[in-house]
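In UniProt numbering, the protein residues as written are 1 to 111.
For each residue, glycine too, the CB sits at the ideal point set by N, CA and C.
Reviewing the structure listed below.
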Ligand SMILES: [Zn+2]
Ligand SMILES: [Zn+2]
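Structure below.
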């Protein structure tokens, strides 16, 4: 953001919440819309997690539970896996259950 008068880079005045030119003293409009910006940013983050696909899952979320003896890893046959649910795609679809093998780390989803 540059000063429209002299072209100097504007400096943010944190007390008055304005951008001010250190050279000629020009003050830009109030930046009180900062709150709105951060809100829309959070919204985008939420949408990203919703459209998450099984191929992009690398780590087990903190909500995952350890399941023993009920689910078998299709890769190594181990019967101790982490299980968690994620809402994929549309919100009206049922959440998809994901599994991660504690032995070989193989991650898959239940269809
Ligand atoms: Zn200036
Ligand atoms: Zn496995």
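Do you know how far the Cα of residue j is from the Cα of residue i?
i           : j           : result
residue 18  : residue 80  : 56 angstroms
residue 14  : residue 2   : 17 angstroms
residue 82  : residue 95  : 16 angstroms
residue 93  : residue 84  : 16 angstroms
residue 16  : residue 27  : 10 angstroms
residue 51  : residue 25  : Because residue 51 sits at a pLDDT of 44, beneath the cut-off of 50, its placement in the model cannot be relied upon, and the following sentence gives the value as read from the coordinates. Their Cα atoms are separated by approximately 47 angstroms.
residue 47  : residue 97  : Any reading at residue 47 must be qualified, since the residue scores a pLDDT of 44, below 50, and its modelled position is unreliable; no value is offered.
residue 12  : residue 29  : 11 angstroms
residue 110 : residue 86  : 11 angstroms
residue 62  : residue 102 : 15 angstroms
residue 88  : residue 66  : 21 angstroms
residue 108 : residue 91  : 21 angstroms
Would you verify that the beta carbon of residue i is, or is not, closer than 9 angstroms to some beta carbon of chain B?
i          : result
residue 29 : Absent from the structure: chain B. Only one protein chain is present.
What does a CB cutoff of less than 8 angstroms around residue i pick up in its chain, not counting 5 residues either side in sequence?
i           : result
residue 106 : 73, 74, 75, 76 and 100
residue 104 : 73, 75, 76 and 78
residue 23  : 3, 6 and 8
residue 71  : 79, 81, 83 and 99
Here's a check: name, in chain order, each residue in its chain whose Cβ is nearer than 6 angstroms to the Cβ of residue i, leaving out the five neighbours to either side.
i          : result
residue 21 : 3, 8 and 10
residue 60 : 82 and 100
Does any heavy atom of ligand 2 sit closer than 8 angstroms to the C-beta of residue i?
i           : result
residue 16  : no
residue 69  : no
residue 20  : no
residue 109 : no
Should residue i be listed as close to ligand 1, given that the test is whether its C-beta is under 8 angstroms from any heavy atom?
i          : result
residue 5  : yes
residue 23 : yes
Give every residue of the same chain whose Cβ lies closer than 7 angstroms to the Cβ of residue i, excluding the five residues on either side of it in the sequence, and list them in chain order.
i          : result
residue 64 : 82, 83 and 84
residue 68 : 79 and 80
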